[in-house]
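To start, the structure itself, in C-alpha coordinates.
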Amino acid sequence: MQQTRTLTDKVLLVLKGLAMGAANKVPGISGGVVAFVAGFYEEFIYSLQKINLKAFKLLINGRFRSLYQYVNGRFLGLLILGMLISYFSVSKLLDLLMLEYELFVWASFFGMIIGSIYYISMDFEEWSQRSLAFVAMGIMAGLAISFLEPARENDNLWFVFFCGMVGVSGMTLPGLSGSFILILLGNYVLLLVDSVNALYDTIADLFLLDFSFLENAERMRLLKVMTVFALGSLAGLVSLSHLLGFVLKHYKKDTYATIIGFITGSLGVVWPWKEKIYQIGADGNIMIDSTGNKVLDNYDRYFPSFSFSETWLAIFFIILGAFLVLGMAWYEKKNSKIKSVQ
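Numbering follows our numbering, with no gaps: position 275 of the sequence shown is 315.
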(Lines of atoms letter the chains of each structure in order from A; the text may use other names.)
(Lines give C-alpha, C1' and ligand atoms only; values in the text may rest on other atoms or scores of the structure.)
Protein backbone atom coordinates (compact mmCIF):
# COMPACT_ATOMS: atom_id res chain seq x y z
CA MET A 41 0.00 0.00 0.00
CA GLN A 42 3.00 2.34 0.21
CA GLN A 43 3.26 4.97 -2.51
CA THR A 44 6.04 7.12 -3.94
CA ARG A 45 5.20 10.73 -3.09
CA THR A 46 6.44 14.02 -4.49
CA LEU A 47 7.07 17.07 -2.31
CA THR A 48 3.63 18.39 -3.33
CA ASP A 49 2.04 15.10 -2.26
CA LYS A 50 3.76 15.32 1.11
CA VAL A 51 2.56 18.89 1.70
CA LEU A 52 -0.97 17.89 0.70
CA LEU A 53 -0.84 14.92 3.06
CA VAL A 54 0.05 17.23 5.97
CA LEU A 55 -2.88 19.47 4.97
CA LYS A 56 -5.17 16.42 4.89
CA GLY A 57 -3.99 15.49 8.38
CA LEU A 58 -4.72 19.07 9.40
CA ALA A 59 -8.26 18.71 8.00
CA MET A 60 -8.72 15.37 9.80
CA GLY A 61 -7.60 16.90 13.10
CA ALA A 62 -10.01 19.81 12.75
CA ALA A 63 -12.88 17.50 11.77
CA ASN A 64 -12.25 15.18 14.71
CA LYS A 65 -12.68 18.04 17.19
CA VAL A 66 -16.10 19.16 15.90
CA PRO A 67 -19.07 17.18 17.30
CA GLY A 68 -20.85 15.45 14.42
CA ILE A 69 -17.90 15.55 12.00
CA SER A 70 -15.78 12.49 11.34
CA GLY A 71 -12.12 12.70 10.37
CA GLY A 72 -12.66 9.38 8.63
CA VAL A 73 -14.85 11.15 6.07
CA VAL A 74 -11.86 13.34 5.15
CA ALA A 75 -9.72 10.23 4.67
CA PHE A 76 -12.46 8.58 2.61
CA VAL A 77 -13.15 11.50 0.27
CA ALA A 78 -9.47 12.46 -0.03
CA GLY A 79 -8.70 8.96 -1.27
CA PHE A 80 -6.33 7.63 1.40
CA TYR A 81 -8.76 5.79 3.70
CA GLU A 82 -7.67 2.26 2.81
CA GLU A 83 -3.96 3.15 2.96
CA PHE A 84 -4.61 4.72 6.37
CA ILE A 85 -6.34 1.59 7.71
CA TYR A 86 -3.80 -0.86 6.28
CA SER A 87 -0.89 1.26 7.57
CA LEU A 88 -2.35 1.21 11.08
CA GLN A 89 -2.70 -2.57 10.77
CA LYS A 90 1.08 -2.76 10.52
CA ILE A 91 1.36 -1.61 14.13
CA ASN A 92 1.41 -5.19 15.39
CA LEU A 93 3.61 -7.79 17.08
CA LYS A 94 6.11 -7.75 14.20
CA ALA A 95 6.44 -3.96 14.50
CA PHE A 96 6.98 -4.33 18.25
CA LYS A 97 9.78 -6.89 17.67
CA LEU A 98 11.47 -4.54 15.19
CA LEU A 99 11.28 -1.76 17.79
CA ILE A 100 12.72 -3.95 20.56
CA ASN A 101 15.56 -5.12 18.31
CA GLY A 102 16.45 -1.54 17.41
CA ARG A 103 15.69 -2.01 13.70
CA PHE A 104 14.19 1.45 13.38
CA ARG A 105 14.68 1.82 9.63
CA SER A 106 12.94 -1.47 8.95
CA LEU A 107 10.17 -0.47 11.39
CA TYR A 108 9.72 2.88 9.63
CA GLN A 109 9.33 1.15 6.25
CA TYR A 110 7.14 -1.64 7.61
CA VAL A 111 4.52 0.64 9.18
CA ASN A 112 4.52 3.08 6.22
CA GLY A 113 6.12 5.62 8.55
CA ARG A 114 6.39 8.47 6.08
CA PHE A 115 2.66 8.38 5.34
CA LEU A 116 1.59 8.07 8.99
CA GLY A 117 4.19 10.59 10.16
CA LEU A 118 3.05 13.32 7.73
CA LEU A 119 -0.59 12.66 8.52
CA ILE A 120 -0.04 12.77 12.29
CA LEU A 121 2.07 15.92 11.89
CA GLY A 122 -0.89 17.61 10.21
CA MET A 123 -3.23 16.48 13.00
CA LEU A 124 -0.90 17.80 15.71
CA ILE A 125 -0.58 21.16 13.94
CA SER A 126 -4.36 21.25 13.65
CA TYR A 127 -5.00 20.73 17.36
CA PHE A 128 -2.97 23.84 18.21
CA SER A 129 -3.95 26.05 15.27
CA VAL A 130 -6.95 25.29 13.04
CA SER A 131 -8.99 23.76 15.86
CA LYS A 132 -8.48 26.91 17.95
CA LEU A 133 -9.53 29.07 14.99
CA LEU A 134 -12.54 26.78 14.62
CA ASP A 135 -13.44 27.41 18.27
CA LEU A 136 -13.46 31.17 17.59
CA LEU A 137 -15.55 30.79 14.42
CA MET A 138 -18.04 28.61 16.31
CA LEU A 139 -18.49 31.43 18.83
CA GLU A 140 -19.01 34.18 16.24
CA TYR A 141 -20.48 32.38 13.21
CA GLU A 142 -21.86 29.12 14.56
CA LEU A 143 -24.73 28.78 12.08
CA PHE A 144 -22.46 29.24 9.06
CA VAL A 145 -19.82 26.83 10.40
CA TRP A 146 -22.44 24.12 10.93
CA ALA A 147 -23.93 24.89 7.50
CA SER A 148 -20.51 24.44 5.86
CA PHE A 149 -19.99 21.09 7.58
CA PHE A 150 -23.53 20.01 6.69
CA GLY A 151 -22.78 20.73 3.05
CA MET A 152 -19.45 18.87 3.27
CA ILE A 153 -21.22 15.76 4.54
CA ILE A 154 -23.84 15.98 1.77
CA GLY A 155 -21.01 16.29 -0.76
CA SER A 156 -19.27 13.29 0.82
CA ILE A 157 -22.42 11.16 0.63
CA TYR A 158 -22.89 12.04 -3.04
CA TYR A 159 -19.23 11.34 -3.87
CA ILE A 160 -19.06 7.99 -2.09
CA SER A 161 -22.43 6.92 -3.53
CA MET A 162 -21.28 7.72 -7.08
CA ASP A 163 -18.26 5.47 -6.62
CA PHE A 164 -20.40 2.59 -5.34
CA GLU A 165 -20.48 -0.01 -8.11
CA GLU A 166 -23.91 -1.55 -7.60
CA TRP A 167 -26.95 -1.20 -5.34
CA SER A 168 -28.26 -4.65 -4.45
CA GLN A 169 -30.94 -5.30 -1.82
CA ARG A 170 -28.16 -6.40 0.54
CA SER A 171 -26.29 -3.11 0.04
CA LEU A 172 -29.43 -1.06 0.64
CA ALA A 173 -30.09 -3.05 3.83
CA PHE A 174 -26.60 -2.16 5.13
CA VAL A 175 -27.17 1.50 4.19
CA ALA A 176 -30.44 1.45 6.16
CA MET A 177 -28.72 -0.13 9.18
CA GLY A 178 -25.98 2.50 9.01
CA ILE A 179 -28.56 5.32 8.89
CA MET A 180 -30.49 3.92 11.86
CA ALA A 181 -27.30 3.47 13.89
CA GLY A 182 -26.15 7.02 13.06
CA LEU A 183 -29.53 8.54 13.98
CA ALA A 184 -29.79 6.47 17.18
CA ILE A 185 -26.37 7.69 18.33
CA SER A 186 -27.14 11.32 17.48
CA PHE A 187 -30.22 11.44 19.74
CA LEU A 188 -28.79 9.67 22.81
CA GLU A 189 -28.70 11.59 26.09
CA PRO A 190 -25.16 12.51 27.28
CA ALA A 191 -23.68 11.23 30.55
CA ARG A 192 -21.90 13.33 33.18
CA GLU A 193 -18.16 14.08 33.31
CA ASN A 194 -16.01 11.28 34.76
CA ASP A 195 -12.22 11.63 35.17
CA ASN A 196 -11.61 8.07 36.40
CA LEU A 197 -8.47 7.03 34.47
CA TRP A 198 -9.86 3.66 33.39
CA PHE A 199 -12.93 5.43 31.98
CA VAL A 200 -10.70 8.05 30.34
CA PHE A 201 -8.74 5.20 28.68
CA PHE A 202 -12.05 3.75 27.43
CA CYS A 203 -13.04 7.20 26.13
CA GLY A 204 -9.77 7.28 24.17
CA MET A 205 -10.49 3.90 22.59
CA VAL A 206 -14.05 4.85 21.64
CA GLY A 207 -13.41 8.50 20.80
CA VAL A 208 -10.78 7.67 18.19
CA SER A 209 -13.52 5.98 16.14
CA GLY A 210 -14.05 9.23 14.23
CA MET A 211 -10.64 8.79 12.57
CA THR A 212 -11.32 5.24 11.39
CA LEU A 213 -15.10 5.07 10.96
CA PRO A 214 -16.41 7.66 8.47
CA GLY A 215 -19.71 9.09 9.71
CA LEU A 216 -19.15 8.21 13.37
CA SER A 217 -18.02 11.38 15.15
CA GLY A 218 -15.51 10.68 17.90
CA SER A 219 -16.04 14.10 19.50
CA PHE A 220 -19.80 13.58 19.59
CA ILE A 221 -19.25 10.18 21.21
CA LEU A 222 -17.21 11.99 23.87
CA ILE A 223 -20.14 14.36 24.46
CA LEU A 224 -22.38 11.32 24.98
CA LEU A 225 -19.83 9.87 27.41
CA GLY A 226 -19.77 13.21 29.25
CA ASN A 227 -16.06 13.87 28.74
CA TYR A 228 -15.85 16.14 25.68
CA VAL A 229 -14.94 19.27 27.66
CA LEU A 230 -12.51 17.40 29.92
CA LEU A 231 -10.64 15.65 27.10
CA LEU A 232 -10.86 17.97 24.08
CA VAL A 233 -10.99 21.36 25.79
CA ASP A 234 -9.53 21.39 29.32
CA SER A 235 -6.82 18.76 28.74
CA VAL A 236 -5.79 20.13 25.33
CA ASN A 237 -5.56 23.65 26.76
CA ALA A 238 -3.49 22.32 29.68
CA LEU A 239 -1.11 20.61 27.25
CA TYR A 240 -0.87 23.76 25.13
CA ASP A 241 -0.10 25.90 28.20
CA THR A 242 2.48 23.38 29.40
CA ILE A 243 4.31 23.37 26.06
CA ALA A 244 4.33 27.18 26.13
CA ASP A 245 5.74 27.11 29.69
CA LEU A 246 8.46 24.65 28.66
CA PHE A 247 9.56 26.93 25.83
CA LEU A 248 9.91 29.70 28.42
CA LEU A 249 11.75 27.30 30.79
CA ASP A 250 8.97 27.86 33.32
CA PHE A 251 8.45 24.70 35.40
CA SER A 252 6.05 26.15 37.94
CA PHE A 253 3.25 24.01 36.45
CA LEU A 254 4.77 21.02 38.29
CA GLU A 255 3.33 22.49 41.49
CA ASN A 256 -0.07 23.11 39.91
CA ALA A 257 -2.22 20.15 41.02
CA GLU A 258 -5.03 20.87 38.53
CA ARG A 259 -2.59 21.17 35.60
CA MET A 260 -0.87 17.91 36.56
CA ARG A 261 -4.25 16.16 36.85
CA LEU A 262 -5.24 17.30 33.36
CA LEU A 263 -1.86 16.25 31.92
CA LYS A 264 -2.30 12.80 33.48
CA VAL A 265 -5.80 12.61 31.98
CA MET A 266 -4.44 13.67 28.56
CA THR A 267 -1.69 11.02 28.71
CA VAL A 268 -4.15 8.22 29.55
CA PHE A 269 -6.56 9.48 26.87
CA ALA A 270 -3.74 9.43 24.29
CA LEU A 271 -2.79 5.86 25.25
CA GLY A 272 -6.43 4.80 24.96
CA SER A 273 -6.70 6.49 21.57
CA LEU A 274 -3.59 4.65 20.35
CA ALA A 275 -4.95 1.32 21.59
CA GLY A 276 -8.32 1.99 19.96
CA LEU A 277 -6.75 3.14 16.71
CA VAL A 278 -4.65 -0.03 16.35
CA SER A 279 -7.35 -2.50 17.45
CA LEU A 280 -10.11 -0.90 15.36
CA SER A 281 -7.87 -0.72 12.29
CA HIS A 282 -7.31 -4.49 12.46
CA LEU A 283 -11.07 -5.08 12.60
CA LEU A 284 -11.72 -2.65 9.75
CA GLY A 285 -8.88 -4.13 7.71
CA PHE A 286 -10.51 -7.54 8.02
CA VAL A 287 -14.01 -6.36 7.00
CA LEU A 288 -12.62 -4.26 4.14
CA LYS A 289 -10.81 -7.30 2.81
CA HIS A 290 -13.72 -9.72 3.12
CA TYR A 291 -16.86 -7.50 3.06
CA LYS A 292 -15.80 -4.37 1.20
CA LYS A 293 -19.16 -3.58 -0.43
CA ASP A 294 -21.08 -4.13 2.79
CA THR A 295 -18.59 -1.96 4.70
CA TYR A 296 -18.85 0.88 2.18
CA ALA A 297 -22.66 0.68 2.21
CA THR A 298 -22.69 0.88 6.02
CA ILE A 299 -20.30 3.84 5.91
CA ILE A 300 -22.65 5.67 3.52
CA GLY A 301 -25.46 5.01 6.00
CA PHE A 302 -23.40 6.21 8.97
CA ILE A 303 -22.51 9.44 7.19
CA THR A 304 -26.16 10.02 6.23
CA GLY A 305 -27.27 9.36 9.82
CA SER A 306 -24.73 11.87 11.12
CA LEU A 307 -26.52 14.71 9.30
CA GLY A 308 -28.82 14.96 12.31
CA VAL A 309 -25.88 15.95 14.52
CA VAL A 310 -24.62 18.73 12.23
CA TRP A 311 -28.03 20.15 11.33
CA PRO A 312 -27.18 23.88 11.20
CA TRP A 313 -30.35 25.26 12.80
CA LYS A 314 -30.16 24.28 16.46
CA GLU A 315 -29.79 25.72 19.92
CA LYS A 316 -27.40 24.50 22.59
CA ILE A 317 -28.71 22.80 25.71
CA TYR A 318 -26.34 23.04 28.67
CA GLN A 319 -25.85 20.69 31.61
CA ILE A 320 -27.63 21.71 34.79
CA GLY A 321 -25.92 21.13 38.14
CA ALA A 322 -27.44 19.93 41.41
CA ASP A 323 -27.98 23.58 42.42
CA GLY A 324 -30.16 24.18 39.37
CA ASN A 325 -27.60 26.40 37.63
CA ILE A 326 -25.79 25.83 34.33
CA MET A 327 -22.54 23.92 34.91
CA ILE A 328 -19.28 25.75 34.11
CA ASP A 329 -16.00 24.01 33.18
CA SER A 330 -12.50 24.94 34.41
CA THR A 331 -12.05 27.45 31.57
CA GLY A 332 -15.27 29.31 32.43
CA ASN A 333 -17.29 27.86 29.53
CA LYS A 334 -20.76 26.37 29.85
CA VAL A 335 -20.83 22.56 29.71
CA LEU A 336 -22.66 21.38 26.57
CA ASP A 337 -25.34 18.72 27.04
CA ASN A 338 -27.04 18.36 23.65
CA TYR A 339 -28.80 20.32 20.90
CA ASP A 340 -32.41 21.33 20.30
CA ARG A 341 -32.94 21.22 16.52
CA TYR A 342 -35.53 23.32 14.64
CA PHE A 343 -36.50 24.22 11.07
CA PRO A 344 -35.47 27.69 9.85
CA SER A 345 -37.72 30.51 8.76
CA PHE A 346 -36.87 31.37 5.15
CA SER A 347 -37.80 35.01 5.65
CA PHE A 348 -34.40 35.83 7.12
CA SER A 349 -31.39 36.65 4.92
CA GLU A 350 -29.22 34.77 7.46
CA THR A 351 -30.99 31.54 6.47
CA TRP A 352 -30.23 32.04 2.78
CA LEU A 353 -26.60 32.81 3.61
CA ALA A 354 -26.45 29.53 5.58
CA ILE A 355 -27.84 27.70 2.53
CA PHE A 356 -25.09 29.30 0.45
CA PHE A 357 -22.50 27.87 2.89
CA ILE A 358 -24.15 24.44 2.62
CA ILE A 359 -23.73 24.55 -1.16
CA LEU A 360 -20.18 25.89 -0.79
CA GLY A 361 -19.29 23.06 1.62
CA ALA A 362 -20.64 20.44 -0.78
CA PHE A 363 -18.71 21.87 -3.74
CA LEU A 364 -15.55 22.12 -1.63
CA VAL A 365 -15.64 18.38 -0.89
CA LEU A 366 -16.53 17.45 -4.48
CA GLY A 367 -13.74 19.69 -5.78
CA MET A 368 -11.22 18.03 -3.48
CA ALA A 369 -12.47 14.60 -4.54
CA TRP A 370 -12.25 15.55 -8.23
CA TYR A 371 -8.67 16.77 -7.74
CA GLU A 372 -7.66 13.58 -5.97
CA LYS A 373 -9.20 11.40 -8.69
CA LYS A 374 -7.54 13.43 -11.46
CA ASN A 375 -4.19 13.30 -9.65
CA SER A 376 -4.39 9.52 -9.19
CA LYS A 377 -5.17 9.03 -12.88
CA ILE A 378 -2.14 11.10 -13.90
CA LYS A 379 0.09 9.01 -11.60
CA SER A 380 -1.29 5.73 -12.99
CA VAL A 381 -0.53 6.87 -16.56
CA GLN A 382 3.03 7.82 -15.57
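Heads up, the beta-carbon is just placed ideally off N, CA and C, and yes, glycines get one too.
{"Check": "Among Gly117, Phe96 and Phe115, the one whose alpha carbon lies nearest that of Leu107", "Outcome": "Phe96"}
{"Check": "Option nearest Leu133 by Cα separation, candidates Val77, Ala62 and Ile154", "Outcome": "Ala62"}
{"Check": "CB contact flag (Ala362, Gly151, <8 angstroms)", "Outcome": "yes"}
{"Check": "Asp250 classed as buried or exposed, judged by whether at least 16 other C-beta atoms fall within 10 angstroms", "Outcome": "exposed"}
{"Check": "Anticipated Cβ contact below 8 angstroms, Glu258 with Asn227, distance rounded", "Outcome": "About 16 angstroms; that fails the 8 angstroms criterion."}
{"Check": "Environment of Trp146 [buried if 16+ CB atoms lie within 10 Å]", "Outcome": "buried"}
{"Check": "Whether Leu239 touches Leu232 by CB criterion (8 angstroms)", "Outcome": "no"}
{"Check": "Residues near Lys56 in its chain [Cβ-Cβ closer than 8 angstroms; skip 5 each side]", "Outcome": "Val74, Ala75, Ala78, Phe80, Leu119 and Gly122"}
{"Check": "DSSP three-state assignment for Gly367, whether helix, strand or coil", "Outcome": "helix"}
{"Check": "Closest residue to Ser235 among Val51, Gly155 and Lys65 (Cα-Cα distance)", "Outcome": "Lys65"}
{"Check": "Check whether Ala297 and Ser186 have beta carbons under 8 angstroms apart", "Outcome": "no"}
{"Check": "Ser235 beta carbon near the ligand MN (any heavy atom closer than 7 angstroms)", "Outcome": "Ligands are entirely absent from the displayed structure, and the ligand MN is therefore not among its contents."}
{"Check": "Supposed contact pair Val365 and Gly155 - C-beta distance, whole angstroms, cut 8 angstroms", "Outcome": "3 angstroms"}
{"Check": "C-beta contact flag for Val206 and Leu230 at 8 angstroms", "Outcome": "no"}
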